[in-house]
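What follows is one structure encoded as structure tokens, with my remarks underneath.
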Amino acid sequence: MKIFDVLEKKSDIFGKKLLEASAGTGKTFAIEHLFARLLLEKDDFTIEQILVVTFTKAATKELKYRIRKNLGIAAEILKGKNVDKSINFNYLNSYINKKEKITKLQDAIDLFETAQIFTIHSFCFKALKEFAFEANIHLDINEEDDFGYIKKIIYDYLRYFIDLEKYSSEQIEILVNKNKDIDTLVFKIFQNLDKDFKVKNLNNFSNLLDDFNKNIKNFEKVDKDFEINNFENVSKNFKKKIKFTKQDYLFQLETLLKIVNSREASSQDFKNLLKTKLSIFEFLDEKNKKIKADDSQLSSFLQKAKNLLHPIIKEATDYKLLFYRLCIDISKKVDTYLETNELFTFDKILQKMQKATKTRAFKEKLSNRYKAVIIDEFQDTDKVQFDIFNTLFLTNPTTQAFYLIGDPKQSIYSFRKADLYTYLDAVKKIDEINYLDTNYRSTKSLIDSLNALLSDDFSKNWLKLPSIKKDLKYLPIKAGLDKAFDFQDNLASIHFFISEGNRIKKKWPTSEMEKKFFAYIRDEIVKLKEEQNFSDKSFAILIKDRYQAERLKSFLENFSIKAVTFKETSLKNSIALKAMIDFFEACIKPHDLSKVKLALLGPFINLQLQDLKDIDDKKFSKFLEKFYFFKSILIKKNLSIFFSHFFSTAFTDRTILENIASKKDENFYLELIYLIEIMLKDKSLHFNQILAFFDELKSLDDEDEKLKILKNASDGAQILTTFMSKGLEYDVVFAIGLASQNIESISNDLQEIDAEKMRQFYVAITRAKYRIYLPISIDLKEKIIQEGTCSVMEYYLSNILDGKTINKQNLLQKLDILKDKNLLSYSFVDDISFLAKKGFDKAPILKQSDIFTKSFQSRSIYSFSALSSDKNILKDEKKISKNIPIGPKVGELFHKILENILKKQSFFKEDIFFQIHDLIKDSILQPYEENINIIINNILKAPLANFCLKDVDFENIKPEVEFLFSFKNNYMKGFIDLVFEYNSKFYLIDWKSNFLGEDEKDYDKKNIENEMMHHNYYMQAAIYTKSLKRHIESLKKDFKKAFGGAFYIFLRGQNFSKDVGIYHFFPDLKILDKINLNNKNICLDR
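Take 123 as the starting number for the sequence shown in the numbering used here and just add one per residue.
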């Protein structure tokens, strides 16, 4: 392997080469100079004959910018105008003042729009479209994002086309529950559509039911009482399971006995067993046996059922097998749809391109067009992509320069189908292997520490390649920066911060340990800001996921440390897009006064509704003049001139730009700028096409690349994932996400999953310029590290310790090897305080005040629950319902469901279904899911006067409104279930889960009024209304006109119809005057 120096004229740049570029070694720098050298060293090379391919749009944009900029610098040097004497590009020396070379570079700059720099998909798309005849494609294909319409196909399949012979609703439930939401499941299916899962038998629901019934034939009739007694005796020998009770197991046993004795399981019987997963046999597993168990044995029936029936239920409820089968079925559906509709996704474009390269005419046309080819980020390729490049260029004798550039240590995108083994196979076909050996990112002390940490001596065979039973070798790199950085704090450039705990729950590290990590990061940031003058944006914190990001961000901001997260959002539902559409519609159709008024009320002009109502004709005509002026610009000029007038125009006392600035909304500003950039890029966008352009944007899927905005313009500590950090650099990095365990993967190849974790480890530790902080979570119970789900750090440590567990003493001894050489350091964080505000805790000197005395009247805080007796509640709990259970837990769950739905701000049936499903899972309401769905959906459509909740804007809905106000020299507090405003009137709602009876008539007005009196709900409503009255009056509104009344909704009535169980009234506030706070029977809520 040769060292490659692109600046050295003696370095031969022609031929078929691999260039391995470790992190920070200047890969993009090498590409930009390679491009310039190819133009200068071959007289017959033009800018259109050099192909550069990379793998993301962002990388394409950066390459275009860097290559063009470098051509400009090179041209200036050749003209003898090198102002910066520190720039010394040796390969240019022989060309200085040579006119033909200066002209060639200048031509390349002038014609840079024709530069062939693409993503892999854009390159293939362009080639197929240009040479459609040679490729045998007779379609007008479009370059679209796959995920858009494929996502719709997947959703439609799950909703409408899923074969109920193959999947039961219980199996679909397992798939959904294993993911955070339906969107996550859909995205995972999308990612795995083309995968070969290498599973021989994937039995569907009907097959498994048949197998189950065949095995039942092997059973004799069973004595129910004997089996239940046997279970009662044996169960004492087994440890309790958290999620299940003895009653659950008895129910399963009785169900199983009934099925066996009937000699056949119906479809519904089998579904019922799937719901339970026959967890009785997990409970009766030998591994779950108590240490001091007696000699009681399982009955022969239970043993037989455990061996013959339980495995079938396990297979039927196995998430991975269900997921594999679903992906295979949906993949067939997608292929059929694409073929029928003659559509191409990104993957299909690649497959079509691969096929086209086997056509002689197409191959000749394309391969002869380019004389030099540079493939960037090659470690992220796959077999199809490499086959395209290999066929077109690598095996083509007319290709004079062919470069594969990448770093196998940074291959971390297997979830995007990147295949490291394709990279390794390609290496065998290359004439010459080169590498970049000098890091220009990090200080020498950090480079020395990294080389020591990753060396064979310390981390032997850490870069594993399981499929070929080999490992990648880490080549030490040199430091290109002479400058050192002295932190003056006795910590090395690599510092481990360690927490200890007992691994009991699934979450690891525990929440307590995570908070200690957060507190340590906080203290280090404050220390370095004070002692070394770092700013917040000098720090990057690499996290596991967005949930950890939000927790960390909130924690840091409590201590005045500004933190920002990378957020990729869609322009589609943005305020900026809506505002721009309204404004352009007014400009294009100024005769339509309704559109003009919408634009005037929008954020660009920001006219208030009352001001618009009061406006006189003269002033309104002046507004119209401005819109007609904008229309004339759109017709006669172009968008650039339109936007220059747009920002400087004033409809009121402020310009549009000043109105935008006054919002102080960074997101709105970024969305607006991004939208304008998209519009200006489209050179064909003229007056007649503008509204169609907006329609097209609105029709795109939220996930469409064209709509994505990466928001991170704030100055603060950067919080992002390891994947997002690739290619970026920061002064100081805390890689806290490396300590978090992974979720269970759907992949069978756990060894490959863990091997990729080591490459993630490498990416994370090479982001820092001066210091990297690495977390370690030590499990004091020393449980075995689990393949697939272990954290990145756990896998790395188990590898260097040559074991399946992490022993504290062995670990410290290992770390001490490098610590003694000052190459790393470590500290424990377990004594750290969550509350300590290091750097903010300088206590002021307090002066003792003069002694004084003053007496205060004692005041208490009351609530409705404190003022009402609990006797009636006890009576209610004795009632029995045949349908939904009775009790306070049921009421709490109903309230939680409604609160969540209203806070999530989505009334779509699917969203409601999944929220209900998640909230009642493993609760007493789980068997009544269908009833709960009916009730909740009816509530949202229930007639409230002349409207329903679905008619109310989300911004006017406030669930769980807390109040506190003074009352009779004391205080009154509480929560109103729901307050909302509709048509300028305020309403309150209270949800009641009271059981009034089994029939619809039990929830009529008379029975509800009796219940209201019985539980003193009129007093409760008066308290709530008194609180709302104070709020309404604080808004300077007339309470009598603005209050629309209270709705007490008896939820069980909604099970019959959306019209049942609703009680609307205006509470009498005089009731409150009758409350006697001195009554001894009143419970005080102090």
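For every residue, glycine included, the Cβ atom is placed at its ideal position computed from N, Cα and C. Note that the structure is a prediction, hence the values are computed from the model and not measured.
Which listed residue (the options) has its alpha carbon closest to that of residue i
i	options	result
D871	P588, E354, A1168	P588
T544	D553, L514, F508, I169	F508
K1163	F1108, N1177, G1183	F1108
D504	D553, Q670, D316, Y441	D316
I224	K201, F348, I906	K201
L1047	I135, F1016, V1074, L1066	F1016
E1209	L1191, K139, K149, R159	Residue 1209 is absent from the model: the chain starts at 123 and stops at 1208.
T560	D529, L603, D593, S533	L603
P1007	E1120, I239, D667	E1120
L185	L161, K1072, K149	K149
Y1146	Y1185, A181, S1106, L1100	L1100
F111	L420, V1083, L1191	Nothing in the structure corresponds to residue 111, since the chain is present only between 123 and 1208.
L860	T911, E851, I906	T911
Y1211	Y750, Q228, I239	No statement about residue 1211 is possible, as the shown extent of the chain runs from 123 to 1208 and does not include it.
K936	L424, S920, F309	S920
K436	I683, A839, S401, V854	S401
I800	H767, P1189, L699, F883	L699
I169	T377, I798, F245, A494	A494
L761	T777, L807, N1078, Q171	L807
Y525	F500, K302, L542	F500
S71	I757, I763, F773, N728	Residue 71 cannot be examined here, being either before or after the span of the chain that is shown, 123 to 1208.
K600	D1044, L406, S389, A574	A574
E1084	N1053, I1019, L1150, Y1140	L1150
S389	S660, L330, H1153	L330
Classification of residue i by the beta-carbon crowding that lies within 10 angstroms, buried from 16 upward
i	result
K1127	exposed
S1179	exposed
G1096	buried
D953	exposed
H432	buried
Y213	buried
A835	Note that A835 has pLDDT 47, beneath the 50 cutoff, so the model's placement of it is unreliable and no number is given.
E999	Reliability fails at E999, whose pLDDT of 42 lies under 50, so the model's placement of it is uncertain and no value is given.
A965	Its pLDDT being 42, under 50, A965 is placed unreliably by the model, and the measurement read from it follows with that caveat. So A965 ends up on the exposed side.
K139	buried
Q1142	buried
I471	buried
N1116	buried
G1215	Residue 1215 lies beyond the residue range present for the chain, which begins at 123 and ends at 1208; the question has no answer from this structure.
Q753	A quick correction: the sequence has Lys, not Gln, at residue 753. By the 10 Å Cβ count, K753 comes out buried.
S418	exposed
K336	exposed
Opening and closing residue of the beta strand (DSSP E) in which residue i lies
i	result
A662	661–665
I492	It should be pointed out that residue 492 corresponds to Tyr in this sequence rather than to Ile. Taken as a continuous stretch (DSSP letters only), Y492 belongs to no beta strand (DSSP E), as it is neither H nor E.
F240	238–241
K1095	1092–1104
V854	852–856
G1167	1165–1172
Y895	890–901
Y1109	1107–1114
A685	685–687
Boundaries (first-last residue) of the alpha helix (DSSP H) holding residue i
i	result
E1133	1127–1136
Q1211	Given that the chain is displayed from residue 123 to residue 1208, the structure contains no residue 1211 and the question cannot be resolved.
Q507	505–511
I1054	1051–1063
Any non-hydrogen atom of the ligand NAP closer than 7 Å to residue i Cβ
i	result
N1068	Of the ligands one can find in the structure shown there are none, so the ligand NAP has no counterpart to examine.
**OP:** Could you tell me whether the segment 600–608 touches the segment 553–568, where touching means 3 or more Cβ pairs closer than 8 Å?
**Re:** yes
Original post:
Hey, which unbroken runs of the alpha helix (DSSP H) at 4 residues or more fall wholly within the segment 517–563?
Top reply: Fully enclosed alpha helix (DSSP H) runs of 4 or longer: 542–549.
Subject >> Segments of 4+ residues assigned as alpha helix (DSSP H) that fall wholly inside the segment 570–595 >> reply: none
Original post:
Considering only residues of the segment 331–392, which uninterrupted alpha helix (DSSP H) runs meet the minimum length of 4 residues and lie entirely inside it, listed in chain order?
Top reply: 346–356, 368–384
Original post:
Between the segment 622–633 and the segment 878–893, do three or more beta carbon pairs fall short of 8 Å?
Top reply: no
Original post:
Taking three-plus beta-carbon pairs below 8 Å as touching, is the segment 672–680 in contact with the segment 638–658?
Top reply: Yes, the segment 672–680 touches the segment 638–658.
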